[in-house]
Structure formats: structure tokens, C-alpha cells
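Mind the numbering: the sequence shown is residues 220 to 329 in this note's numbering, read in order.
A virtual CB, placed ideally from N, CA and C, is assigned to each residue, including glycine.
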Amino acid sequence: MKRVFILSRRSLFHQGIETLLSQEAELEIVGQDTEPSDAVKCIQTFNPDVIILNLDDPEPDLSSPVLCVMREKAGIRIVGLSLRENKICVFQGEDKQVHQLEDLFNAILD
220 MKRVFILSRR SLFHQGIETL LSQEAELEIV GQDTEPSDAV KCIQTFNPDV IILNLDDPEP
280 DLSSPVLCVM REKAGIRIVG LSLRENKICV FQGEDKQVHQ LEDLFNAILD
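If you want it as C-alpha cells, here you go:
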């Protein structure tokens with residue numbers, strides 16, 4: 220079961236995504252928020268595996284909350300969804316040890 224959190228300033232986006240995802244038995248919507256500044260606290264509370272972001276929000280600068288979440292929760296997947304451009308961007312938080320330059324190259328190429 221994958222736990223999903225939805226972050227968007229638009230409640231219609233929340234409702235639509237929640238309606239679509241509720242049809243999938245392997246997904247559980249654990250929370251939602253409209254304020255990126257509050258998202259980190261909510262994400263810590265709900266502990267989702269996946270965060271869905273609305274890339275079409277009026278103020279889409281979500282870089283600070285996204286980076287904070289990725290720093291604190293290794294392995295979390297962040298899915299940015301743009302309905303306007305029919306595009307999905309996936310960010311996967313992953314920790315790797317770097318011992319030599321080749322490790323950096325491998326992280327970039329993986």
C-alpha cells in the first residue's frame with residue numbers, strides 16, 4: 220500500500236486527484252494541504268511514500284518545501300503534475316555514499 224499526500228493551492232486539483240486515485244486499491248490518500256509552507260509539518264505527520272504536487276499552481280515555487288522533505292525522508296517520491304502541459308515530473312529522494320568521483324558519475328547516470 221502506497222501512502223499519498225497531495226499538495227496544491229487549488230482544492231479542485233485535490234478533489235480530482237483524490238477521486239481518480241481512490242479507485243486504485245494499492246493507494247491510500249493520507250492527507251492534503253494548500254500551503255507549501257505548512258506541507259513539511261503535514262508530511263512529517265502523515266508520513267507518505269508519495270507526494271503529488273500541482274505544477275500549475277499560481278505560485279508554483281515549491282523548491283524549498285520539496286528540498287526540505289527530500290532531505291528529511293530518504294526514499295520519498297515526489298510527483299509533479301501539470302494538467303496544463305500534460306506532463307509529470309518525478310523526483311526520487313535517495314541517499315548514496317560518495318567515496319570517489321565515479322560514485323558521482325553513477326548517481327548522475329542512474
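Exposure label - residue i; buried when at least 16 CB within 10 Å
i: S227; result: buried
i: L300; result: buried
i: H233; result: buried
i: L272; result: buried
i: D322; result: exposed
i: Q319; result: exposed
i: Q316; result: exposed
Identified DSSP bridge partners for residue i
i: F224; result: G250, I270
i: R296; result: V269, Q311
i: K306; result: S301
Pick from the options that is closest to residue i, judged by C-alpha positions
i: P255; options: V269, L240, V288; result: V288
i: K264; options: D275, I271, V249; result: Checking the sequence, you will find Thr at residue 264 rather than Lys. Taking only the C-alpha atoms, the option nearest T264 is V249.
i: I295; options: N266, E245, E247; result: N266
i: L239; options: E321, D252, V223; result: V223
i: I236; options: V298, E291, F324, Q316; result: V298
Subject >> Contained beta strand (DSSP E) runs [length at least 3] in the stretch 228-257, N- to C-terminal order >> reply: 246-252
Original post:
Between the stretch 247-260 and the stretch 298-312, do three or more beta carbon pairs fall short of 8 Å?
Top reply: no
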